[in-house]
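Line by line, the protein sequences give chains A and B.
Using my numbering, read the first sequence as starting at 1 and increasing by one per residue.
Using my numbering, read the second sequence as starting at 189 and increasing by one per residue.
Glycine is no exception: its CB is placed at the ideal position from the N, C-alpha and C atoms.
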Amino acid sequence: MQRDLVERAARGDQDAFEALVRLSANRLFAIAYRVLRDHHRAEDAVQQTLVSIWDELPRLRDPDRFDAWSYRVVTRHSVALAKREGRGPGGGAIVRLLPDDADVSRAPDDIGSVVQRDEIERGFRSLKPDQRAILTLHHVAGLSSPEIADVLGIPVGTAGSRLHYATQALRAALDADARLDTTTERSA
Amino acid sequence: MTMFDETDRRIATWFTDETVRVPERTIDAVLAHARAHPRRRDPLATLRRDPMARPFTAGLFAPVPLLAAIGLIVVAVLGGAVVGGVLDLSGPAPLPVPSASPIATPSPSPSPRIIHVDLVEVAGQDASIDITDRSGALVDAETGQPADGGSVGGRGIELANDPVDPMVIVVTWTGTPCDTTHALEIDADGRTMTLARPRCEGDAIPRDLQLRLRFREAIDSSAIAATLVTE
């Protein structure tokens, strides 16, 4: 079905393009939002992506490659936007979800879960846009290293090592965050 | 090991436990763009590069170089046949006619190509640019979709590669509401651009203008020297 939509949209069928947009927009938005961590900038990235897809679709020779291509386009737009705006609203602002004096050790599970999510959020934001993109393709789009290599147009080995280093960087950020919390508790 | 597994699980959960939906206004904007830019027949469609092509297809076996190579071979074979006398296209050779002393004429330089583009201006005012290309490398040009306000600092002009198409350079510069006609000169070397805008007197809110330049081959925006002048 999607192949048919892609072929018709490439020939200029507006209805087919609308159906294709509605099929893929949320998927692309999930990726852009994860990379940019900001709804408004994610909207911009997805809009640019879908406009690019309309403009460039006739050049896509194999309709079955549409998903991979759309991931490539949204990743590039998102990373470009993240790099251009640097540490903007979604780049570096770190928000503590709980007050510093909250007694986390006795908090219910849901608060503990919020704290954990907050830690990962901070760690993820500290990564470079390219690292955020590759982790997002892996965890949100569910792509394997060979599939990421195909999407990004890089060798499989390179995709594997970038995924590994991005994961390590996130782990290191989480560890650093945990050490910072421990130091703060001791000094208090 | 348990710590690593637990961290992996937390990370994986964090990525998937949040559902986001694209706002309807984004979809509306995209569909409006598609309606405003209906697909036109592109006679060169088959020659354009597939955006998901493997890297090797960008080399000798890409359609354009392949066609160029075939064309050169055909010209060489025909030329050789004519010079070698296999194809007698001209009949008996004419006798040389003495002439007056020859007058040296300068060989004509290729005339520059001029492209007119109507620019999108966020406030809806008229704006356009005349591009003079002396390099012969420019294929076409179209307006970009600038954001609100003025985002370009420093020299007032910014060049960037399109993240999707390596043959497209996106030029963004700061304009004012009263500069409606612009001119862009691309020098013969294809690496120097001068963008002229009219002087705007009085208070004016800066806002971006944007141009998308498509070249015959991939081009690095950082290799281009661009200057913005106010006339």
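* To do: Please name the residue in A:47, A:58, A:48 whose C-alpha comes closest to that of residue 422 (chain B).
  => Residue numbering for chain B in the displayed model covers 189 to 419; residue 422 (chain B) lies beyond these limits and cannot be assessed.
| message | Can you pull the chain B neighbours of residue 46 (chain A), defined as C-beta to C-beta under 7 Å? | response | Within the first sequence, numbered from 1, the residue matching residue 46 (chain A) stands at position 46. Residues of chain B passing the Cβ test: 210, 214.
Taking all protein chains shown into account, decide if residue 352 (chain B) is buried (16 or more other Cβ within 10 angstroms of its Cβ) or exposed.
-> Here the question's residue 352 (chain B) lines up with position 164 in the second sequence. Burial of residue 352 (chain B) is indicated by the presence of at least 16 other C-beta atoms within 10 angstroms of its C-beta.
Original post:
When the distance is taken between beta carbons, is residue 195 (chain B) closer than 8 Å to residue 127 (chain A)?
Top reply: The residue given as residue 127 (chain A) occupies position 127 in the first sequence. The residue given as residue 195 (chain B) occupies position 7 in the second sequence. Against a cut-off of 8 Å, the Cβ pair of residue 195 (chain B) and residue 127 (chain A) comes out as no contact.
Touching by the beta-carbon criterion (3+ pairs, under 8 Å), the segment 136-144 of chain A and the segment 202-215 of chain B:
Touching, yes, given that three or more Cβ pairs across the two stretches are closer than 8 Å.
Check: Quick one, which of A:35, A:67, A:37 has its alpha-carbon nearest residue 50 (chain A)'s?
Finding: What you label residue 50 (chain A) is simply residue 50 of the first sequence in a count that begins at 1. Here the closest residue by C-alpha is A:67.
* To do: Determine, using beta carbons only, whether residue 386 (chain B) and residue 362 (chain B) come nearer to each other than 8 Å.
  => Along the second sequence, one-based indexing puts residue 386 (chain B) at 198. Along the second sequence, one-based indexing puts residue 362 (chain B) at 174. Cβ atoms of residue 386 (chain B) and residue 362 (chain B): not closer than 8 Å.
Exercise. Taking only the alpha-carbon atoms, compute the straight-line gap between residue 170 (chain A) and residue 42 (chain A) and give it to the nearest angstrom.
Key: Start at 1 with the first residue of the first sequence, and residue 170 (chain A) comes out as number 170. Start at 1 with the first residue of the first sequence, and residue 42 (chain A) comes out as number 42. Straight-line Cα distance between these residues: approximately 21 Å.
Cβ pair residue 125 (chain A), residue 177 (chain A) closer than 8 Å: Within the first sequence, residue 125 (chain A) is the residue found at index 125, counting from 1. Within the first sequence, residue 177 (chain A) is the residue found at index 177, counting from 1. No, they are not a contact pair.
Taking the beta strand (DSSP E) that residue 316 (chain B) falls in, what are its first and last residues? Reading the second sequence from its first residue, position 128 is the one you call residue 316 (chain B). First-last of the beta strand (DSSP E) with residue 316 (chain B): 316-321.
* Under 8 Å between C-beta atoms of residue 397 (chain B) and residue 309 (chain B) -> Here residue 397 (chain B) refers to the residue found at position 209 when the second sequence is read from its first residue. Here residue 309 (chain B) refers to the residue found at position 121 when the second sequence is read from its first residue. A Cβ-Cβ contact shorter than 8 Å links residue 397 (chain B) with residue 309 (chain B).
Report task. Measure the C-alpha to C-alpha separation of residue 155 (chain A) and residue 167 (chain A) and round it to an integer number of angstroms. Result -> As a working note, residue 155 (chain A) is residue 155 in the first sequence. As a working note, residue 167 (chain A) is residue 167 in the first sequence. In this structure, the alpha-carbon of residue 155 (chain A) lies about 18 Å from that of residue 167 (chain A).
Using three-state DSSP, classify residue 419 (chain B) as helix, strand or coil. Your numbering for residue 419 (chain B) matches position 231 in the second sequence. Of the three classes helix, strand and coil, the one that applies to residue 419 (chain B) here is coil, per DSSP.
**Asked** What did DSSP end up calling residue 200 (chain B) once you bin it into helix, strand or coil?
**Response** Here residue 200 (chain B) is taken as the residue at index 12 of the second sequence, counted from 1. Here residue 200 (chain B) sits in helix by DSSP.
Have a look at the DSSP bridge pairing and note the partners of residue 350 (chain B). In the second sequence, residue 350 (chain B) corresponds to position 162, counting from 1. Bridge partners of residue 350 (chain B): none, in fact.
**Asked** Tell me, which residues are paired with residue 363 (chain B) by DSSP?
**Response** Indexing the second sequence from 1 puts residue 363 (chain B) at position 175. Answer by DSSP bridge pairing, in chain order: B:395.
Item to complete: Scan the segment 119-134 of chain A for residues whose Cβ lies nearer than 7 Å to a Cβ of chain B and list them as they occur along the chain.
Response: Within the segment 119-134 of chain A, those residues whose Cβ lies closer than 7 Å to any Cβ of chain B are, in chain order, 120.
Notebook entry, point to check: Do you know how far the Cα of residue 63 (chain A) is from the Cα of residue 25 (chain A)?
Noted result: Within the first sequence, numbered from 1, the residue matching residue 25 (chain A) stands at position 25. Within the first sequence, numbered from 1, the residue matching residue 63 (chain A) stands at position 63. Rounded to the nearest whole angstrom, the CA to CA distance from residue 25 (chain A) to residue 63 (chain A) is 17 Å.
- prompt: Residues of chain B with CB under 8 Å from residue 160 (chain A), in chain order?
  reply: Looking up residue 160 (chain A) in the first sequence gives position 160. Per Cβ cutoff of 8 Å: no residues; residue 160 (chain A) is ~16 Å from chain B at best.
- Item | 7 Å Cβ cut-off: residues of chain A touching residue 202 (chain B) | Start at 1 with the first residue of the second sequence, and residue 202 (chain B) comes out as number 14. The contacting residues are 117, 120.
| Contacts of residue 407 (chain B) in chain A (Cβ-Cβ under 7 Å) | For the purposes of this step, residue 407 (chain B) is taken as the residue at position 219 of the second sequence. Ordered by position in chain A, no residue passes the 7 Å Cβ test against residue 407 (chain B), which lies about 17 Å from the chain.
Check your understanding: When Cβ atoms are compared, which residues of the segment 14-39 of chain A fall closer than 8 Å to chain B?
Key -> Answer set for the segment 14-39 of chain A: 14, 17, 18, 21, 22, 25, 26, 28, 29, 30, 33, 34, 39.
>> Counting only C-beta atoms, is residue 351 (chain B) closer than 8 Å to chain A at any point?
In response: Translated into the one-based positions of the second sequence, residue 351 (chain B) becomes position 163. It does: the Cβ of residue 351 (chain B) has a partner Cβ on chain A nearer than 8 Å.
> Name the chain A residues that come within less than 7 Å of residue 230 (chain B), Cβ to Cβ?
Replying inline: In the second sequence, the residue the question calls residue 230 (chain B) occupies position 42. Those are 58, listed as they occur along chain A.
Closest by C-alpha distance to residue 72 (chain A), when choosing among A:160, A:133, A:116: Position 72 of the first sequence, counted from the first residue, corresponds to residue 72 (chain A). Closest by alpha carbon: A:133.
Within 10 Å of its beta-carbon, does residue 381 (chain B) have 16 or more other beta-carbons around it, so buried, or fewer, so exposed?
Along the second sequence, one-based indexing puts residue 381 (chain B) at 193. With 16 or more other Cβ atoms within 10 Å, it is buried.
TODO: Please list, in chain order, all residues of the same chain as residue 189 (chain A) whose beta carbon is under 8 Å from its beta carbon, the five residues on each side excluded.
DONE: As shown, chain A starts at 1 and ends at 188. That puts residue 189 (chain A) outside it, with no answer to give.
C-alpha distance - residue 35 (chain A) paired with residue 7 (chain A), whole-angstrom precision
On the first sequence, position 35 is the one that residue 35 (chain A) refers to. On the first sequence, position 7 is the one that residue 7 (chain A) refers to. CA-to-CA, the gap between residue 35 (chain A) and residue 7 (chain A) works out to about 30 Å.
Using only the alpha-carbon positions, how far apart do residue 404 (chain B) and residue 30 (chain A) sit? Position 216 of the second sequence, counting from 1, holds the residue named residue 404 (chain B). Position 30 of the first sequence, counting from 1, holds the residue named residue 30 (chain A). Rounded to whole angstroms, residue 404 (chain B) to residue 30 (chain A) spans 35 Å at the Cα level.
(message) Excluding the 5 residues flanking residue 11 (chain A) on each side, which residues of the same chain have their C-beta closer than 6 Å to its C-beta?
(response) Working through the first sequence from its first residue, we reach residue 11 (chain A) at position 11. Hits under 6 Å: none found.
- Task: Report yes or no: is there a C-beta of chain B within less than 8 Å of the C-beta of residue 80 (chain A)?
- Result: Position 80 of the first sequence, counted from the start, is the residue given in the question as residue 80 (chain A). Against chain B, the CB of residue 80 (chain A) has a partner CB under 8 Å away; the residue lies at that interface.
Which residues share a DSSP beta bridge with residue 357 (chain B)?
For the purposes of this step, residue 357 (chain B) is identified with residue 169 of the second sequence, where counting begins at 1. Residue 357 (chain B) is bridged to B:349, B:401.
Between the C-alpha atoms of residue 258 (chain B) and residue 355 (chain B), what's the straight-line distance to the nearest angstrom? Walking along the second sequence from the start, residue 258 (chain B) turns up at place 70. Walking along the second sequence from the start, residue 355 (chain B) turns up at place 167. Approximately 23 Å between the Cα atoms of the pair.
Quiz item: Which one of B:312, B:320, B:216 has the shortest CA to CA distance from residue 302 (chain B)?
Solution: Here residue 302 (chain B) corresponds to residue number 114 of the second sequence, with the count starting at 1. Here the closest residue by C-alpha is B:320.
When A:149, A:78, A:53, A:179 are compared against residue 70 (chain A), the one with the closest alpha-carbon: As a first step, residue 70 (chain A) must be located in the first sequence, where it is residue number 70. Of the listed residues, the one whose Cα sits closest to residue 70 (chain A) is A:53.
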